[in-house]
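Heads up, the final residue of the sequence shown is numbered 177 in the UniProt record's numbering, and it's a clean run with no missing numbers.
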Amino acid sequence: MGIKLLTERLLIRDFEANDCDCVHSYASNPLVTEHMIWGPNTLNETMEFIQRTINMQKRSPRVAFELALILRTDGKLIGGVGFHVSDLQGEVGYCIHPDYWRQGYASEAAAEMLRFGFQEVGLHRIYATCRPENIGSANVMKKIGMTYEGHLREHMFHKGKWHDSLQYSILEHEFNG
1 MGIKLLTERL LIRDFEANDC DCVHSYASNP LVTEHMIWGP NTLNETMEFI QRTINMQKRS
61 PRVAFELALI LRTDGKLIGG VGFHVSDLQG EVGYCIHPDY WRQGYASEAA AEMLRFGFQE
121 VGLHRIYATC RPENIGSANV MKKIGMTYEG HLREHMFHKG KWHDSLQYSI LEHEFNG
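Okay, structure coming up:
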C-alpha cells in the first residue's frame, strides 16, 4: 500500500512511473536546481530518479520517502517532497515547479511531512538544510516552526565547488501539528 497524505490543497503520494514528464518539467529547469545538490536533470536522470523512488517504496522497513505533490483541485503534479529516516531522525526536503512558487505549497507539504514523521513514523527530530542564498527555502523552514541551528561552512562538494548550508530542525515535543 502506497503513501497517500492529504492536506488542504495537496495530495502527497508516492511517485509513479507515469510521473516522469511532469517531474522533468521542473527537474530540468536551471532556476529550480540552482540551489540543489542535483540537476538540472537530463531526461535519463529524471527517469532514474523515478525508478529509485519506486524501488524505495518496496523497502521494509521503509526509511526513504520521495513523494509527489498533486494539486487536489485539478490533479496536476507540481513538485515533490522528500523524507529520509535514520536513527529516529528525519531529513525533509522539497522542490516545487516555479509556476507554483510563493503560494505556500512548499510550507504546506513540509508541515505535513513533520506531522507524518512525528505522528506516524515516531521520530524524535526532523531537520532540513538549504544553501544560504535560498531565502525562500529558509523561510519555509521558519514558517513550519523549525529552529535555526547553524551555518555549516563548505561541508559538501557538488557541481565543482564547496557549498555552505543553513540547518534548521524541530523536535517532537516542539511540534504543534
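Glycine residues also receive a C-beta, built at the ideal position from the N, C-alpha and C atoms.
In this text the structure is predicted, and so the values were computed from the model without any measurement.
Give me, in chain order, the residues of the same chain whose beta-carbon lies closer than 8 Å to that of residue i; leave out the 5 immediate sequence neighbours on both sides.
i	result
E149	Y127, Q167, Y168 and S169
E154	W162, H163 and D164
G136	W101, R102 and A106
L152	T129, D164, S165, L166 and Q167
Measure the Cβ-Cβ separation of residue i and residue j and say whether it is below 8 Å.
i	j	result
V81	A110	yes
A68	T46	no
E48	F15	no
N134	H35	yes
R125	Q103	no
R131	L71	no
G79	H97	yes
D19	L77	yes
E120	G145	no
For residue i, which residues from the same chain have a beta carbon less than 6 Å from its beta carbon, with the 5 sequence-adjacent residues on both sides left out?
i	result
H158	I37
G117	G90, L123 and I126
V7	Here the sequence assigns Thr to residue 7, which means Val is not the residue at that position. Excluding sequence neighbours, T7 sits near E108 and E112.
T33	G39 and P40
K143	S107
M156	H163
Mapping the DSSP letters down to three states, classify residue i as helix, strand or coil.
i	result
M146	coil
T33	helix
S25	helix
D14	strand
D154	The question names Asp, yet the displayed sequence has Glu at residue 154. Strand, per DSSP.
residue 179	Limits of the chain in this structure are 1 at one end and 177 at the other, which puts residue 179 out of reach.
G82	strand
D164	strand
Can you check whether the C-beta of residue i is within less than 8 Å of a C-beta belonging to chain B?
i	result
E16	Note that chain B does not occur in the displayed structure, where there is just one protein chain.
Does the beta-carbon of residue i have 16 or more other beta-carbons within 10 angstroms, so that it is buried, or is it exposed?
i	result
V23	buried
T42	exposed
L31	exposed
V140	buried
A138	buried
V92	buried
T53	buried
Under 7 Å Cβ to Cβ from residue i, same chain only, skipping five residues before and after it: list those, please.
i	result
N29	P40 and P98
R171	First, the residue type needs correcting, since residue 171 is Leu and not Arg in the sequence shown. Closer than 7 Å at Cβ, skipping near neighbours: H124 and R125.
At which residue ranges does the region 42 to 71 contain complete beta strand (DSSP E) runs of 3 or more residues, listed in the order of the chain?
64 to 71
Going along the chain, which unbroken runs of the beta strand (DSSP E) with 3 or more residues stay wholly within the region 90 to 133?
125 to 130
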